[in-house]
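As structure tokens, the structure follows; a few thoughts come after it.
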Amino acid sequence: MQRVPADASWVVLVLGVLCQISIAQTTLNPDISVIPRFVMETNDGEELAAGRRRFSRPDFAFQELEMAISSYLNPFARADVVLTLPGPDIGAGKLGLEELYATVVRGLPLDLNIRFGKYRVEYGKLNIVHPHAWPFVTQPGSQERFFGDEGLNDLGISASLLLPTGDVYTKLTVDVLRGSSIGETTGIEDTSGSKPLYANSARLTSFFPLSDESDLEVGASAYTGIHDPYHRDRFWYGNIDFKYKYRPSGYTSLTVQGEMLFNTRKARQDKELNQFVDENGNPERRSINTAGLYLYSDYQFLKTYSIGARYDWSQSPYSKDDRLQAVAVFLGYYPVEETLGMRLQYQYTRTEVQGVSQAVNMIALQAVFSLGPHKAHQF
-1 MQRVPADASW
9 VVLVLGVLCQ
19 ISIAQTTLNP
29 DISVIPRFVM
39 ETNDGEELAA
49 GRRRFSRPDF
59 AFQELEMAIS
69 SYLNPFARAD
79 VVLTLPGPDI
89 GAGKLGLEEL
99 YATVVRGLPL
109 DLNIRFGKYR
119 VEYGKLNIVH
129 PHAWPFVTQP
139 GSQERFFGDE
149 GLNDLGISAS
159 LLLPTGDVYT
169 KLTVDVLRGS
179 SIGETTGIED
189 TSGSKPLYAN
199 SARLTSFFPL
209 SDESDLEVGA
219 SAYTGIHDPY
229 HRDRFWYGNI
239 DFKYKYRPSG
249 YTSLTVQGEM
259 LFNTRKARQD
269 KELNQFVDEN
279 GNPERRSINT
289 AGLYLYSDYQ
299 FLKTYSIGAR
309 YDWSQSPYSK
319 DDRLQAVAVF
329 LGYYPVEETL
339 GMRLQYQYTR
349 TEVQGVSQAV
359 NMIALQAVFS
369 LGPHKAHQF
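Take -1 as the starting number for the sequence shown in the working numbering and just add one per residue.
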């Protein structure tokens, strides 16, 4: 009999208790869901330094377990909690808090909605979507480079309201954030213990019904904060996005979605604390303007199958000379709707840094399932 590691025993206990609770849920108990992700991956880039290009032995790994807890607190507000157990070592991992927030959904003047706590910032279209709900396996390169692996996720307060735009659904969202997640992702980590630096975000989105079978959503977002806490240097992100969906029947649909991000910042050093110098070797403060984008299409057919493709292009937050391009093709199979999903993806990624380029091919097979009302994917 295999012994459960001591560090993971309390996690197993919590999961067991929550599973028992979910069985006996009533209207007074919150909805509790567990969604794990597993992946088998191989690529041909691990031995490039030795001058060999060959695919590695496929590695089956645990990616992440997500536990979602949600419920209405009263007729006016609801609360959401998302706990995550990261991979790849399922025994040594520690359950962490990804989101914890409350939302006032009704009762305020002008039908204003207020959210406060720790949450995924409503910036762009993909940032608020959890990875298990993506139609593909890997995160788009521009999102990873400018937002980090976990996306824009911070402590803060958000206010949103619907604008009086007639038949067009238009929503404005404004956030005041602590700014603590910037140093962990796309900025320089603050080890000085200084006061919160704060960040601000805003998003305007409009939804256009084109016909009985198709819709178009367009949005624009802005985000600003301090990326260098030692010199108080600021960055600005601007973002435009769209999502088109055509659904002629419950068995067939086509989704086309894309985002483009613009980054501008003043900087004296990069994320690795390498100082910027001029041609004479003197320290200088640079103005950096870079960008990134992704575009994908996903076609669902026979209700349980999907096929799609994605294109990524991105520079880095601190350099135009650090570039990435990627092309991915992915297949999806969902034999039991919204409770089980499998995705197969091939991706070609080419990076170029200071004129030196490298290309890697990757093949990944992902399995996702959902236990509880929180679903494993969105059809």
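Where a beta carbon is used, it is the ideal one built from N, C-alpha and C, also for glycine.
Model, not experiment: these values are computed from the prediction.
Is it buried or exposed, R348, if we count other Cβ atoms within 10 angstroms and call 16 or more buried?
Classification for R348: exposed.
So, at 6 Å on beta carbons, what are the nonlocal neighbours of D320 in its own chain, with the 5 sequence-adjacent residues on each side left out?
Beyond the five residues adjoining it in sequence on each side, D320 comes within less than 6 Å, by CB distance, of S314, V351 in the same chain, given in chain order.
Which one of N359, S295, Y316 has the shortest CA to CA distance from L329?
Minimum Cα distance to L329 is reached at S295.
Among P107, G139, L106, F145, which has the Cα closest to the Cα of N125?
For N125, the nearest C-alpha among the options comes from F145.
Quick one: residues in its chain with C-beta nearer than 6 Å to the C-beta of P34, no 5 flanking neighbours on either side, listed in chain order?
Excluding residues within five positions, the ones whose Cβ falls inside 6 Å are L63.
Use the C-beta contact count for L175: other C-beta atoms within 10 angstroms, 16 or more gives buried, fewer gives exposed.
L175 should be labelled buried.
Distance between T203 and P73 (C-alpha atoms, nearest Å)
Those two C-alpha atoms are separated by around 26 Å.
State the Cα-Cα distance for the pair G414 and Q61, rounded to the nearest angstrom.
No information on residue 414 is available, as it lies outside the stretch -1 to 377 that the chain covers here.
Would you mind working out which of A48, E96, Y249, Y292 sits nearest L259, comparing C-alpha positions?
The shortest C-alpha separation from L259 is found at Y292.
Quick one: give me the first and last residue of the beta strand (DSSP E) that Q345 is part of.
Per DSSP, Q345 is one residue of the beta strand (DSSP E) stretching across 338 to 351.
In terms of residue numbering, what span does the beta strand (DSSP E) encompassing E39 cover?
It spans 29 to 41 - the beta strand (DSSP E) in which E39 sits, taken as one unbroken run.
State whether the region 157 to 166 contacts the region 110 to 118, with contact taken as three or more CB pairs (one from each stretch) at a distance under 8 Å.
Yes, the region 157 to 166 touches the region 110 to 118.
Measure the beta-carbon distance from G326 to Q343 and round it to whole angstroms, keeping in mind my assumption that it falls under 8 Å.
Before going on, a small fix: residue 326 reads as Ala here, not Gly. Indeed, because the Cβ distance is near 6 Å, the residues count as touching under 8 Å.
For L95, the nearest candidate out of N151, E187, S355, S219 (CA to CA)
With distances taken between Cα atoms, L95 lies closest to N151.
Which of helix, strand or coil does DSSP assign to L300?
Note: L300 maps to coil in three-state DSSP.
Would you tell me roughly how many angstroms separate the C-alpha atoms of H225 and N198, rounded to the nearest one?
Roughly 13 Å between the two C-alpha positions.
Run through the region 146 to 191 for me and flag every whole beta strand (DSSP E) of 3 or more residues, listed as ranges in chain order.
Counting whole runs of 3 or more residues, the region 146 to 191 contains the beta strand (DSSP E) stretches 151 to 160, 167 to 175.
State buried or exposed for E187, treating a residue as buried only when at least 16 other CB atoms are found within 10 Å of its CB.
Result: exposed.
Hey, would you say Y346 sits closer than 9 Å to G339, going by beta carbons?
Not in contact: Y346 and G339 (Cβ atoms no closer than 9 Å).
By Cβ distance, which residues of its chain are closer than 6 Å to P138, with the 5 residues on each side in sequence left out?
Counting only Cβ-Cβ distances below 6 Å, and skipping sequence neighbours, we find Y292, D310.
For the region 55 to 80, list the beta strand (DSSP E) runs that are entirely contained and at least 3 residues long, ordered along the chain.
Within the region 55 to 80, the complete beta strand (DSSP E) runs of at least 3 residues are 57 to 72.
Given this structure, state the Cα-to-Cα distance separating G89 from L83, to the nearest angstrom.
In this structure, the alpha-carbon of G89 lies about 10 Å from that of L83.
S368: buried (16+ other C-beta within 10 angstroms of its C-beta) or exposed?
Counting Cβ neighbours within 10 Å, S368 comes out buried, since at least 16 surround it.
G185 beta carbon less than 9 Å from that of K269
Yes, the pair counts as a contact, with Cβ atoms nearer than the cut-off.
Based on Cα-Cα distance, which residue from D213, Q255, A265, S247 lies nearest to Y228?
The candidate whose alpha carbon is nearest that of Y228 is A265.
Proximity to L363 [Cα-Cα], best of F134, A100, E211:
Checked all of F134, A100, E211; the closest Cα to L363 is F134.
Using only CA atoms, which one of L214, D165, E120 lies nearest to T171?
Closest by alpha carbon: E120.
For P56, which residues of its own chain have a beta-carbon under 6 Å away from its beta-carbon, when the five flanking residues on both sides are left out?
Same-chain partners within the cutoff: M38, T40.
For a test of the three-state rule: what should DSSP assign to Q137, helix, strand or coil?
The answer is coil: DSSP assigns Q137 none of H, G, I, E or B.
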